[in-house]
Amino acid sequence: SQTYNTNAQVPDSAGTATAYLCGVKANEGTVGVSAGVTRDRCNTTKGQEVTSILRWAKDAGKAVGIVTTTRVTHATPSAAYAHSANRDWYSDGEMPPDALAGGCKDIALQLVENIPDIEVILGGGRKYMFPQNTADVEYPHEEKHQGTRLDQRNLVQAWHDKKDPSKVAKYVWNRRDMLALNLSRVDFLLGESQHPRVPPPPGLGQVLWWGGDPGGWGSWRDHLPTGGGRIDHGHHEGKAKQALHEAVELDRAIGLATRLTSTQDTLSVVTADHSHVFTFGGYTPRGNPIFGECWLGHQPRGHPGDIPTLLTVPPPPGLAPMQSDVDRKPFTSILYGNGPGYKIVAGERENVSAVDFAHANYQAQSAVPLRQETHGGEDVAVFARGPMAHLLHGVHEQNYIPHAMAYAACIGSNRAHCNAASRPAAAASVLLPFLALLILLC
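Position one of the sequence shown corresponds to residue 33 (the numbering used here), numbered consecutively onward.
This is how it looks when you write it as structure tokens:
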């Protein structure tokens, strides 16, 4: 799909999430609003709010959920439920006085109030739910994890109070409590870690299983946006190994989702909100590990150590099989167009053979120095399986995606084609890798 924002060739995640969840292109940095809203200007928001496919599904009587490895108030998941002139207004503690005076609500408050009956919410960022200076339950001595709310509200309690007393609502903040739940007896689940990037986190596949246990939730899987946002985080830090390991976790989650659902009644969609300036090149031979843990070569069965003559002198693991013909130094097969990996040593490009480029925290070399790597502007792929998956073939504007899904599921405003008497509406179970990059698209 084409990912640009209305005011940006290379998009940010807030504008793209608004496109593929709400069906409307938006300005960069704004969430759940049309392009009539200017970033940071609260007074441009009223009347420009747009609703998401999660809202359309809920209004149609379907159970819905949000699963993400980022904060649940992050730009991408927040487009499912919030309307904000600034993606960074996580709590009222991050909002400027004029926005508060203008009546704009922070994103965490909107999570609790806008669509209070979301069945499953799993992610991070719990500090935005608690009063300012409240000690965190997991990191009580770390100031950076303290609550941030100026209104002194406990939004976890507010979330619980909004539920029907006849229903069971559970809040959990750690893996142990999550595993102890009997999901067959839970109607609403809110799970928030403080910092979803602190190891060892559960894999996205396991989180998806928690959110989608078929034995416990019955038909809840009518609409579940699921996001592997740490792929994006890894790329922004120039840590390709972390980003690609997260992509593997996303792939496992997709595999789990295919086992939990049927193509007869479930439309599953996998896409990305944008790409990154991430490259893979240098004519590396097949079998050469891209990270450099070891060199496997092409070893014929029964002859360990034998290497075909084509690869008699293999490149060092992870390096391209050539040196630069300009500075005569080796380079890794993984590189970035910009980012924190730009390093000059003694006036020249760093010699990567002198560093541990196989380390998980290694920052791949970049052409332009930046503290954070940027997104890319190229199109991203959209994969679909299930009823009406053919609607997502070819190249489309990104904001076309939720309309196609809604059409398939017979939800939203365009339902003239639906005939409930002749066929059941397809369930729209959605897998959306928030802030993700799948380089298999190139």
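Glycine included, each C-beta is placed from N, C-alpha and C at the ideal position.
- Per DSSP, PRO362 is not a residue of any alpha helix (DSSP H); the beta strand (DSSP E) it occupies stretches across 362–364.
- The shortest C-alpha to C-alpha distance from ASP357 to any of GLY314, ASN320, SER398 is the one to GLY314.
- CA-to-CA, the gap between PHE162 and GLY155 works out to about 16 Å.
- Put simply, the stretch 400–413 does not touch the stretch 437–447. Fewer than three CB pairs are less than 8 Å apart.
- Here GLU81 carries a strand assignment [DSSP, helix/strand/coil].
- Per DSSP, the unbroken beta strand (DSSP E) holding VAL99 starts and ends at 97–103.
- Sorting VAL204, ASP209, ALA212 by C-alpha distance to the C-alpha of LEU222 places VAL204 at the top.
- By the beta-carbon neighbour count (other beta carbons within 10 angstroms, threshold 16), GLY135 is exposed.
- Per the coordinates, the alpha-carbon of PRO129 lies some 20 Å from the alpha-carbon of THR105.
- In this structure ALA352 does not touch ASN370 by the C-beta definition: roughly 20 Å separates them, more than the 8 Å allowed.
- Here the alpha carbon of ALA140 sits roughly 33 Å from the alpha carbon of ASP297.
- A direct Cα-to-Cα measurement between ARG284 and LYS195 gives close to 33 Å.
- With fewer than 16 other CB atoms across the displayed protein chains lying within 10 angstroms of its CB, LYS78 is exposed.
- For the stretch 146–205, the continuous beta strand (DSSP E) assignments of 3+ residues that do not extend past its boundaries occur at 152–156, 201–204, in sequence order.
- If you draw a straight line from the Cα of VAL169 to the Cα of GLY426, it is about 48 Å long.
- The residues TYR394, in chain order, have a CB closer than 8 Å to that of ASP388 in the same chain once the five nearest residues on each side in sequence are set aside.
- Within a 10 Å sphere around the beta-carbon of THR295 sit fewer than 16 other beta-carbons, which makes this residue exposed.
- With the rule of 3 Cβ pairs closer than 8 Å, the stretch 262–271 does not count as touching the stretch 110–119.
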